[in-house]
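As given, the protein sequences belong to chains A and B, one line each in that order.
For the first sequence, our numbering assigns the number 1 to the initial residue and increments by one for each residue that follows.
For the second sequence, our numbering assigns the number 290 to the initial residue and increments by one for each residue that follows.
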Amino acid sequence: MDSRASLAMIAGAGLALCLPGPATGVSQSADPPYDDDASSEVREHHRHHHHGGIVQFIAMALDTLGADDSKRPRIEKIQGDLRGCMAPAGRAEKSLHLALADGVAAGAVDDAKVAPILAQLEADANAVHDCSAKALNELHATLSPAERSALVDKLQAHWEVWAEVNDAIPGGREPGGRLTELRKELNLSADQTDRISAALHSSLVATSRKFDRKKAEAHVRTFSAAFAADTFDARADAANTAADLTAHGARRMALFYETVTPFLSPEQRAILAEHLREHSRHQPTASAQ
Amino acid sequence: MTRTFLTMVKGVLCVAAIAGCVATVSGPGMDVDVYPPAAFIATATPAYYEGRPVYWWGNRWYYRDGAAWRAYREEPPYLRDYRAHRPPERKFYGRAHEGGYHRG
Chain A
1 MDSRASLAMI AGAGLALCLP GPATGVSQSA DPPYDDDASS EVREHHRHHH HGGIVQFIAM
61 ALDTLGADDS KRPRIEKIQG DLRGCMAPAG RAEKSLHLAL ADGVAAGAVD DAKVAPILAQ
121 LEADANAVHD CSAKALNELH ATLSPAERSA LVDKLQAHWE VWAEVNDAIP GGREPGGRLT
181 ELRKELNLSA DQTDRISAAL HSSLVATSRK FDRKKAEAHV RTFSAAFAAD TFDARADAAN
241 TAADLTAHGA RRMALFYETV TPFLSPEQRA ILAEHLREHS RHQPTASAQ
Chain B
290 MTRTFLTMVK GVLCVAAIAG CVATVSGPGM DVDVYPPAAF IATATPAYYE GRPVYWWGNR
350 WYYRDGAAWR AYREEPPYLR DYRAHRPPER KFYGRAHEGG YHRG
């Protein structure tokens, strides 16, 4: 065997040894679920629901925390308290969905109706930070270190999904992106898709520039580190990005519908308006006091 | 001279290969480049094992270790049993599942 062959064998054997084999266990599926229904739906949710920033992400994280069963009643009570803090913003968000639905159905979104709702939503979201401090402290005291670790993973995951869909390239046609989904939902023609993409690029780019993603990212990071620690006091969290996240997400959503509406047929507008009305009915905070 | 050099290179490669494998698979898990995406972590209920949340994704159990993700090379018996009795759960935020909205 020549030297090159023996070198290749050594390298190949080393690589083979290091590659992971399949995990032993029961059922095997073909591919990892990069993009399944649950993933698509959480993206759709984060495109349309903006009422509490990090607190909203934490309340959603509690849906799938899988904490010890004995803690479930207490965790559900805390989740209810967090939703209660977001209830005023949730009501404003519902008004926004309905105003946008009316505008889409009529053929033009009325900015004079939407602007005051956006302002109210931002103000209500700004109050979530202080309101939720007590519940967040109770949550920290309730969870084990492993459960706090899971909550932090989920908070960061919700932030990543939110940022992916609300800070995407305006008018982009990436798989799973808003325009791609809209094309499927409304059976848009190629010409409609081209014109909408160009219009979104123009209308959304200014809003995107205003959003300070680094500030929000830093807040998620510092909150996560604080919550994972053994001692925690939510009142010490000086950053309040709830209004920033809510205002950016809601404004971007409103601009999206305002921009696409003129390019749609009456039938397409009727379908899209109904989608918005469905979103207005999907309000976990609506039942909170 | 050339033969000596090649012998040295082979020796270094052997040591590097073994050291690399030890670093990768020692301990309970191995470092991975591919790990569960954010949308999965946001919607999946973890199990808890060895004091940490673990996620069943793509036929493996994954967990976060600081900034990195790791996976169990072999499925621990506890988790295999857990999965047999409690299938991994996902949260669906759409209308079809809880009276919310649906996508077209």
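Glycine residues also receive a C-beta, built at the ideal position from the N, C-alpha and C atoms.
Per the DSSP calculation, residue i is bridged to which residue(s)?
i	result
residue 336 of chain B	B/343
residue 319 of chain B	B/360
residue 349 of chain B	B/346
Just to confirm my understanding: we take residue i, look at its own chain, exclude 5 residues before and 5 after, and list those with CB closer than 8 Å. What are they?
i	result
residue 314 of chain B	Because the pLDDT of residue 314 of chain B is 41, which lies under 50, any placement of that residue in the model is unreliable, and the question is left without a value.
residue 236 of chain A	226
residue 223 of chain A	54, 155, 237, 239
residue 263 of chain A	192, 195, 196, 199
residue 148 of chain A	140, 227, 228
Which residues in the same chain as residue i place their Cβ atom closer than 6 Å to its Cβ, once the five residues preceding and following it in sequence are excluded?
i	result
residue 378 of chain B	334
residue 205 of chain A	170
residue 22 of chain A	Per-residue confidence for residue 22 of chain A stands at a pLDDT of 35, beneath the threshold of 50, marking its modelled position as unreliable; the derived number appears in the next sentence. Once the five neighbours on either side are set aside, residue 22 of chain A has no close Cβ partner at all.
residue 114 of chain A	99, 254
residue 375 of chain B	none
residue 348 of chain B	none
residue 341 of chain B	352
Enumerate in chain order the residues of its own chain whose CB-to-CB distance from residue i is below 7 Å, with the five nearest sequence positions on each side excluded.
i	result
residue 122 of chain A	243, 246, 247
residue 372 of chain B	345
residue 159 of chain A	57, 220
residue 71 of chain A	142
residue 125 of chain A	51, 52, 53, 89, 242, 243, 246
residue 161 of chain A	42, 43, 46
residue 152 of chain A	224, 227, 228
residue 251 of chain A	118, 207
residue 365 of chain B	338
residue 173 of chain A	179, 180, 197
residue 291 of chain A	Absent from the structure is residue 291 of chain A, since the part of chain A shown begins at 1 and ends at 289.
In this structure, does DSSP put residue i in helix, strand or coil?
i	result
residue 361 of chain B	strand
residue 173 of chain A	coil
residue 379 of chain B	strand
residue 81 of chain A	helix
residue 212 of chain A	coil
residue 257 of chain A	helix
residue 371 of chain B	helix
residue 233 of chain A	coil
residue 63 of chain A	helix
residue 354 of chain B	strand
residue 264 of chain A	coil
residue 276 of chain A	helix
residue 109 of chain A	coil
residue 37 of chain A	helix
residue 18 of chain A	Bear in mind that the predicted position of residue 18 of chain A carries a pLDDT of just 38, short of 50, making it unreliable; the figure below should be weighed with that in mind. Looking at residue 18 of chain A - three-state DSSP - the assignment turns out to be helix.
residue 103 of chain A	helix
residue 241 of chain A	coil
residue 53 of chain A	coil
residue 282 of chain A	coil
residue 68 of chain A	coil
residue 115 of chain A	helix
residue 325 of chain B	coil
residue 87 of chain A	helix
residue 168 of chain A	coil
residue 271 of chain A	helix
Is any heavy atom in the ligand ATP found nearer than 6 Å to the beta carbon of residue i?
i	result
residue 74 of chain A	Summarising the ligand content, the structure contains no ligands, and the ligand ATP is consequently not present.
Cβ contact (3+ pairs, closer than 8 Å) linking the stretch 240-258 of chain A and the stretch 93-113 of chain A | yes
Entirely within the stretch 173-197 of chain A and at least 3 residues each: give me those beta strand (DSSP E) ranges in chain order.
-> none
Is it true that the stretch 118-137 of chain A meets the stretch 55-74 of chain A, where meeting means three or more beta-carbon pairs spaced less than 8 Å apart?
-> yes
Counting Cβ pairs closer than 8 Å, one from the stretch 73-81 of chain A and one from the stretch 139-151 of chain A, do we hit at least three?
-> Yes, the stretch 73-81 of chain A is in contact with the stretch 139-151 of chain A.
Pair every Cβ in the stretch 265-274 of chain A with every Cβ in the stretch 184-192 of chain A, then say whether three or more of these pairs are closer than 8 Å.
-> By the criterion of at least three beta-carbon pairs nearer than 8 Å, the stretch 265-274 of chain A is in contact with the stretch 184-192 of chain A.
Cβ pair count under 8 Å reaching 3, the stretch 316-326 of chain B against the stretch 48-57 of chain A = no
Pair every Cβ in the stretch 90-97 of chain A with every Cβ in the stretch 197-212 of chain A, then say whether three or more of these pairs are closer than 8 Å.
-> no
Count the CB pairs spanning the stretch 214-232 of chain A and the stretch 188-202 of chain A that are closer than 8 Å, and state whether there are at least three.
-> no
Starting from the N-terminal side, write out each stretch of the alpha helix (DSSP H) that is 4 residues or longer and does not extend beyond the stretch 125-156 of chain A.
-> 128-131, 133-142
Three or more C-beta pairs below 8 Å linking the stretch 188-198 of chain A and the stretch 347-363 of chain B | no
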